[in-house]
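**Q** This structure is in structure tokens; I'll ask about it shortly.
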Amino acid sequence: AQSVTQLDSQVPVFEEAPVELRCNYSSSVSVYLFWYVQYPNQGLQLLLKYLSGSTLVKGINGFEAEFNKSQTSFHLRKPSVHISDTAEYFCAVSDQVTGGGNKLTFGTGTQLKVEL
Amino acid sequence: EAQVTQNPRYLITVTGKKLTVTCSQNMNHEYMSWYRQDPGLGLRQIYYSMNVEVTDKGDVPEGYKVSRKEKRNFPLILESPSPNQTSLYFCASSSSGTGDNEQYFGPGTRLTVT
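Chains A and B, in that order, are what the protein sequence lines are.
For the first sequence, position 53 matches number 53 in my numbering, and the numbering has no gaps at all.
For the second sequence, position 56 matches number 56 in my numbering, and the numbering has no gaps at all.
Following this line, the structure appears as structure tokens:
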């Protein structure tokens, strides 16, 4: 079984400032890692994913995340946020076990609010 | 346009009145699933389907049914809705049932049971 912890339920930040959204996970098996974004009244959209290889992954809209296996973390960063980045962000994992299906285990979400 | 559609988007109903939320994808995806989203709990999987006629329970299946008679459709059925099923529901699909595949989400169905 897996679990995902997003420590910050809300993160306020001024426009053009950098931001980091934290995500930690626990799992008894190897996992794949994802960040999804949910804009108001919309479904979830994939920002980026880590499957293997380089631990720094880049996604859409200037976001990036770094996988740290020793700390079981997958923090999301953006060097300069825009007002349009205001949304809820979900970290999620799925396991690499064959036949385990494609179930995503989600964190509780972080609401990013960008202010002028 | 590749998409997952859900209907209805909003639904208010009363306890015990059977309802169905439809989900359809046009990407020929094998894997489909249903999640519910509740404040402070994130999204939790209700049921999933690896392919036609193959369905299985997720983490919170109680009170729900599903069927997969066609590849593109995966309806969620609440036979006797109760207030604790008031939630935001999302359907998702991916090309296969392995964990490395991106899931595509529908726009959501907000259900209120009174």
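Ideal Cβ placement from N, Cα and C applies to all residues, glycine included.
Going along chain B, which residues have a C-beta under 8 Å from Tyr-32(A)?
**A** Here the neighbours are Gly-99, Asp-100.
**Q** Which residue's Cα is closest to the Cα of Ser-52(A): Leu-112(A), Val-93(A), Tyr-32(A)?
**A** Ranking Leu-112(A), Val-93(A), Tyr-32(A) by Cα distance to Ser-52(A) puts Tyr-32(A) first.
**Q** Quick one: is Gln-111(A) near chain D, going by C-beta distance under 7 Å?
**A** As a matter of chain content, chain D is missing from the structure shown, whose protein chains are A and B.
**Q** Considering Cα atoms alone, identify which of Arg-77(A), Thr-108(A), Gly-107(A) is closest to Val-13(A).
**A** Looking at the Cα atoms, Arg-77(A) is the closest of the given residues.
**Q** Note down, in chain order, every chain B residue with its Cβ under 7 Å from the Cβ of Gly-43(A).
**A** Phe-90, Phe-105, Gly-106, Pro-107, Gly-108, listed in chain order.
**Q** Extract the residue ranges of the beta strand (DSSP E) inside the region 41-105 of chain A, only unbroken runs of 3 or more that lie entirely within it.
**A** DSSP runs (the beta strand (DSSP E)) wholly in the region 41-105 of chain A: 44-50, 56-58, 64-68, 73-78, 87-95.
**Q** What does Asn-102(A) touch in chain B if you count any residue whose Cβ is under 8 Å from its own?
**A** Those within 8 Å of Asn-102(A) in chain B are Tyr-31, Ser-33, Tyr-48, Ser-94, Ser-96, Gly-97, Thr-98, Gly-99, Asn-101, Gln-103.
**Q** Nearest CA to the CA of Glu-70(B): which residue from Thr-98(B), Tyr-31(B), Lys-18(B), Glu-79(B)?
**A** The shortest C-alpha separation from Glu-70(B) is found at Tyr-31(B).
**Q** Just the Cα atoms here: how many angstroms apart are Gly-99(B) and Ser-80(A)?
**A** Answer to the nearest angstrom: the Cα atoms are 31 Å apart.
**Q** Compare the C-alpha of Phe-34(A) against each of Lys-103(A), Ala-87(A), Ser-28(A), Lys-113(A) and name the closest.
**A** Closest by alpha carbon: Lys-103(A).
**Q** Note the first and the last residue of the continuous beta strand (DSSP E) segment covering Asp-38(B).
**A** From DSSP, the beta strand (DSSP E) with Asp-38(B) extends over 31-38.
**Q** Could you check whether the region 7-26 of chain B touches the region 19-31 of chain A, counting it as contact only if at least three pairs of C-beta atoms, one from each stretch, sit closer than 8 Å?
**A** The region 7-26 of chain B is not in contact with the region 19-31 of chain A.
**Q** Between Lys-113(A) and Asn-24(A), what straight-line distance do the alpha-carbon atoms span, to the nearest angstrom?
**A** Rounded to whole angstroms, Lys-113(A) to Asn-24(A) spans 21 Å at the Cα level.
**Q** How long is the line joining the alpha carbons of Ser-95(B) and Glu-16(A), rounded to whole angstroms?
**A** When rounded, the distance between both Cα atoms is 37 Å.
**Q** Residues of chain B with CB under 8 Å from Lys-69(A), in chain order?
**A** Under the 8 Å cutoff, chain B gives no residues; its nearest Cβ is about 17 Å from Lys-69(A).
**Q** For the ligand ATP, any of its heavy atoms closer than 6 Å to the Cβ of Asn-102(A)?
**A** Among the components modelled here there is no ligand, and therefore nothing to report on the ligand ATP.
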